[in-house]
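*Asks:*
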Ligand SMILES: [Zn+2]
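In the working numbering, the protein residues as written are 411 to 765.
1) Please report the Cβ distance between residue 710 and residue 751, rounded to the nearest whole angstrom; I am assuming they are in contact, meaning their Cβ atoms lie under 8 Å.
2) Using only the heavy atoms of ligand 1, determine whether one of them is closer than 7 Å to the beta carbon of residue 561.
3) For residue 646 versus residue 705, is the C-beta spacing smaller than 8 Å?
4) Mapping the DSSP letters down to three states, classify residue 597 as helix, strand or coil.
5) With a threshold of 16 other CB atoms inside 10 Å of the CB of residue 665, please say whether the residue is buried or exposed.
6) Taking 7 Å as the cut-off, is the C-beta of residue 564 nearer than that to any heavy atom in ligand 1?
7) Does the structure place the stretch 519-529 close enough to the stretch 624-631 that three or more beta carbon pairs sit under 8 Å?
8) Helix, strand or coil for residue 505, going by three-state DSSP, please let me know.
9) With DSSP as the reference, identify every bridge partner of residue 644, one or two as the case may be.
10) Note the first and the last residue of the continuous beta strand (DSSP E) segment covering residue 713.
11) Tell me which same chain residues have a C-beta within less than 6 Å of the C-beta of residue 495, skipping the five on either side of it?
12) May I have the straight-line CA-CA distance separating residue 579 from residue 499, to the nearest angstrom?
13) DSSP on residue 723, reduced to helix/strand/coil?
14) Would you mind listing the beta strand (DSSP E) stretches within the stretch 532-582 that are 3+ residues and don't spill past its ends, in chain order?
15) DSSP three-state label for residue 584, please.
16) So, is residue 716 buried or exposed, given that buried needs 16 or more other C-beta atoms within 10 angstroms?
17) Following a CB-centred definition, is residue 496 positioned closer than 7 Å to any heavy atom of ligand 1?
18) Check whether the Cβ atoms of residue 565 and residue 649 sit closer than 8 Å, and answer yes or no.
19) Enumerate in chain order the residues of its own chain whose CB-to-CB distance from residue 622 is below 7 Å, with the five nearest sequence positions on each side excluded.
20) Given this structure, state the Cα-to-Cα distance separating residue 511 from residue 572, to the nearest angstrom.
21) Could you say which of 599, 692 and 515 lies nearest to residue 718 if we only look at CA atoms?
22) Look at the alpha carbon of residue 686 and the alpha carbon of residue 534, and state the distance between them as a whole number of angstroms.
23) Measuring straight from C-alpha to C-alpha, what distance separates residue 442 and residue 599?
24) So, helix, strand or coil for residue 759, using DSSP?
25) Taking only the alpha-carbon atoms, compute the straight-line gap between residue 633 and residue 509 and give it to the nearest angstrom.
26) DSSP three-state call for residue 689: helix, strand or coil?
27) For residue 480, count neighbouring C-beta atoms within 10 Å of its own C-beta (all shown protein chains included) and say buried if the count is 16 or more, exposed if not.
28) What I want to know is whether the C-beta of residue 685 ends up closer than 7 Å to one or more non-hydrogen atoms of ligand 1.
29) If we ignore side chains and look at the alpha-carbon of each, how far apart do residue 617 and residue 586 end up?
30) Using DSSP with H/G/I as helix, E/B as strand and the rest coil, what is residue 607?
31) Just verifying my parser: in three-state terms, what is the DSSP assignment at residue 524?
32) In terms of residue numbering, what span does the alpha helix (DSSP H) encompassing residue 619 cover?
33) Checking 8 Å against the spacing of the C-beta atoms, do residue 659 and residue 588 come in under that value?
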């Protein structure tokens, strides 16, 4: 199960430009007036998710670029033995490694425009882009690909990451059916349930029962479960949510939590403490409660927001914020609820040392 994983250097220019433009910096998000939000999700509901304006209007934030020196320390060109490195892949996707063991969480890089998603087009996994991202992470062989729920922006590419890196696909019964539909053999599929624990090298991973946020006009998008092999290409609506997990991950170097959807449950982290919370923030219902029941409950030292980027645009294009995410509101409210917790942003496609 050992993997030839290491942190590698990848070009950061695109995301640095984004950071400069968005001014995503520690505890400084005052320029909220410049956030342009066009809530196409709302429009999508109104016209029955049929014909959408497409992915032309993206949020943009302007800023002075000050305080970029306070951004998260990036482990550029450094492969520190025993350090836990994370590479954020956009949405809730990431690659985690300590140099011996490596695993993906919710890797999703085959992005499609909103028109195709909303109109039920078939969405094949994009092998060339998946290969590119596997090489960006520096991973040739992974131990696991973990899926926190089965929506297409978490699960569509997962079996192919598993196939290409000889990893085991780990997730709900719905995720297992997605793996089978993609042709993964049974020995590369592991079904887990809330409360389960999986050991990967020095990583201990707990699957904690979670809830999906009511991200789409007050409802959970594509509810239900996948109950038969889902043979790709399939439509986004075929990827039913299934069981929803949050991941509580401990390692001798530290602990962190991955929350793949902005839903939360009161008491879900009772008795647990984590250094870092990777927190999905798109589709959140109430920032104050989200931060209170997750980051504060975990006594987290830092929040790294994820799943705020516009995943209807290819990763090769300049990153922008998803419509309706209201990033400044998140920063302001989170800092009011928990002023002692740092909020930091992760670079895209660039391994950084978590601890
Ligand atoms: Zn989802």
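Note that CB positions come from ideal geometry on N, CA and C, so glycine has one too.
*Replies:* In short, the structure shows the following:
1) Here residue 710 refers to the residue found at position 300 of the chain shown. Here residue 751 refers to the residue found at position 341 of the chain shown. The C-beta distance from residue 710 to residue 751 rounds to 6 Å, short enough to fall under 8 Å.
2) To locate residue 561, count along the chain shown from 1; it is residue 151. Correct: residue 561 has its Cβ closer than 7 Å to ligand 1.
3) The residue you call residue 646 lines up with position 236 of the chain shown. The residue you call residue 705 lines up with position 295 of the chain shown. No; because the gap between Cβ atoms is not below 8 Å, this pair is not in contact.
4) Translated into the one-based positions of the chain shown, residue 597 becomes position 187. If DSSP states are grouped into helix, strand and coil, residue 597 belongs with the helices.
5) Position 255 of the chain shown, counted from the first residue, corresponds to residue 665. Under this definition residue 665 is a buried residue.
6) One-based indexing of the chain shown puts residue 564 at position 154. Checking every heavy atom of ligand 1 against the Cβ of residue 564, one is found closer than 7 Å.
7) no
8) Counted from its first residue, the chain shown places residue 505 at position 95. Three-state result, residue 505: strand.
9) As a position in the chain shown, residue 644 is number 234, starting the count at 1. Residue 644 pairs with 533.
10) On the chain shown, residue 713 is found 303 positions in, with the first residue counted as 1. Run containing residue 713: 712-716, per the beta strand (DSSP E) assignment.
11) Working through the chain shown from its first residue, we reach residue 495 at position 85. For residue 495, where only same-chain residues beyond five positions count, the Cβ hits under 6 Å are 417, 507, 761 and 763.
12) To locate residue 579, count along the chain shown from 1; it is residue 169. To locate residue 499, count along the chain shown from 1; it is residue 89. If I take the Cα positions, the gap works out to 18 Å.
13) Stepping through the chain shown from its first residue, residue 723 is reached at position 313. Looking at residue 723 - three-state DSSP - the assignment turns out to be coil, as it is neither helix nor strand.
14) Every beta strand (DSSP E) of 3 residues or more that sits fully in the stretch 532-582 is shown, in chain order, as 554-556 and 578-581.
15) For this step, residue 584 is matched to residue 174 along the chain shown. Helix at residue 584.
16) Position 306 of the chain shown, counted from the first residue, corresponds to residue 716. Counting Cβ neighbours within 10 Å, residue 716 comes out buried, since at least 16 surround it.
17) Here residue 496 corresponds to residue number 86 of the chain shown, with the count starting at 1. No - ligand 1 has no heavy atom lying nearer than 7 Å to the Cβ of residue 496.
18) Mapped onto the chain shown, residue 565 falls at position 155. Mapped onto the chain shown, residue 649 falls at position 239. Taking 8 Å as the Cβ cut-off, residue 565 and residue 649 qualify as a contacting pair.
19) Translated into positions along the chain shown, residue 622 becomes position 212. So the qualifying residues of the chain are 559, 630, 651, 654, 671 and 673.
20) Here the question's residue 511 lines up with position 101 in the chain shown. Here the question's residue 572 lines up with position 162 in the chain shown. Spanning the two alpha carbons is a distance of roughly 14 Å.
21) The sequence position of residue 718 within the chain shown is 308, counting from 1. Checking every option, the nearest Cα to that of residue 718 belongs to 692.
22) Sequence index remark: in the chain shown, residue 686 carries index 276 (1-based). Sequence index remark: in the chain shown, residue 534 carries index 124 (1-based). Straight-line Cα distance between these residues: approximately 34 Å.
23) As a working note, residue 442 is residue 32 in the chain shown. As a working note, residue 599 is residue 189 in the chain shown. Residue placement at residue 442 is poorly supported in this model, since its pLDDT is 36, which falls under 50; the coordinates still yield a value, given next. Roughly 45 Å separates the two Cα atoms.
24) On the chain shown, position 349 is the one that residue 759 refers to. Residue 759: coil per DSSP, three-state reduction.
25) Stepping through the chain shown from its first residue, residue 633 is reached at position 223. Stepping through the chain shown from its first residue, residue 509 is reached at position 99. Cα-Cα distance, rounded: 37 Å.
26) Taking the first residue of the chain shown as 1, we reach residue 689 at position 279. Secondary structure of residue 689 (DSSP, three-state): strand.
27) Taking the first residue of the chain shown as position 1, residue 480 is located at position 70. With a pLDDT of 38 at residue 480, under the threshold of 50, the modelled position of that residue is not reliable, and no figure is offered here.
28) As a working note, residue 685 is residue 275 in the chain shown. No; taking the cut-off as 7 Å, the Cβ of residue 685 has no heavy atom of ligand 1 nearer than that.
29) Indexing the chain shown from 1 puts residue 617 at position 207. Indexing the chain shown from 1 puts residue 586 at position 176. The alpha-carbon atoms of residue 617 and residue 586 are separated by roughly 15 Å.
30) Against the chain shown, residue 607 aligns to sequence position 197. Looking at residue 607 - three-state DSSP - the assignment turns out to be strand.
31) Translated into the one-based positions of the chain shown, residue 524 becomes position 114. It is helical.
32) Sequence index remark: in the chain shown, residue 619 carries index 209 (1-based). Segment 613-619 is the beta strand (DSSP E) holding residue 619; no alpha helix (DSSP H) there.
33) Counting from one through the chain shown, the residue named residue 659 turns up at place 249. Counting from one through the chain shown, the residue named residue 588 turns up at place 178. Contact flag unset, no.
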